[in-house]
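Have a look at the structure below, then the notes.
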Amino acid sequence: MQNMKPRYMILKGGSPAIHKLGDIGREVDDLIFIQSETDDHFIEIFVEGFGFMDVEFQKNDCRPLTHGEIEKLNNSQIRLGGIRYKMQVDAEGYPIEGEEKLR
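As structure tokens, this is what we get:
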């Protein structure tokens with residue numbers, strides 16, 4: 011396993027997502043955040059859900075974000091510990107540094 015530049019991608023619906031508890035894949039396309047990889051898998055987490063770490067996604071089951079998905083993500087906010095953050099990703103799904111904090 012080797013680290014890679016963190017990136018948002020989409021896991022295609024119905025694809026396996028392998029965790030130590032078993033297959034936790036979902037029936038619909040879902041946003042994932044990847045930070046490492048092997049020859050055949052991306053590894054990390056679903057953006058929404060229970061926070062399972064080190065989930066393995068087959069590379070051929072993942073796709074880049076569409077323009078519409080990027081636009082939606084760039085217009086969304088995440089709340090962590092009472093602080094709202096505005097997310098920004100580039101055209102390839104890589105996070106743009108300096109997430110803006112909103113109160």
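Going by the numbering used here, the sequence shown opens with residue 11, and the numbers climb by one from there. Built from N, CA and C at the ideal position, the CB exists for glycine as well.
{"query": "Three-pair Cβ contact test at 8 Å for the region 69-76 versus the region 84-95", "result": "no"}
{"query": "Endpoints, beta strand (DSSP E) assigned at L75", "result": "Note, L75: premise wrong, no beta strand (DSSP E); not H, not E."}
{"query": "Rounded straight-line distance, which links the Cα of M14 to that of D49", "result": "12 Å"}
{"query": "Alpha-carbon to alpha-carbon, N84 and M63", "result": "24 Å"}
{"query": "Beta-carbon contacts of S25 that lie in its chain and below 6 Å, excluding the five residues immediately before and after", "result": "G35 and D71"}
{"query": "Best match in Y104, P105, S86 and L31 for proximity to E2 [C-alpha to C-alpha]", "result": "With the chain running from 11 to 113 in the structure shown, residue 2 is simply not present."}
{"query": "Buried or exposed (CB count within 10 angstroms, at least 16 for buried), E54", "result": "buried"}
{"query": "E58 CB to nearest heavy atom of the ligand HEM below 6 Å", "result": "This structure simply doesn't include the ligand HEM, nor any ligand for that matter."}
{"query": "Sheet register partners of G32 (DSSP bridge)", "result": "H29"}
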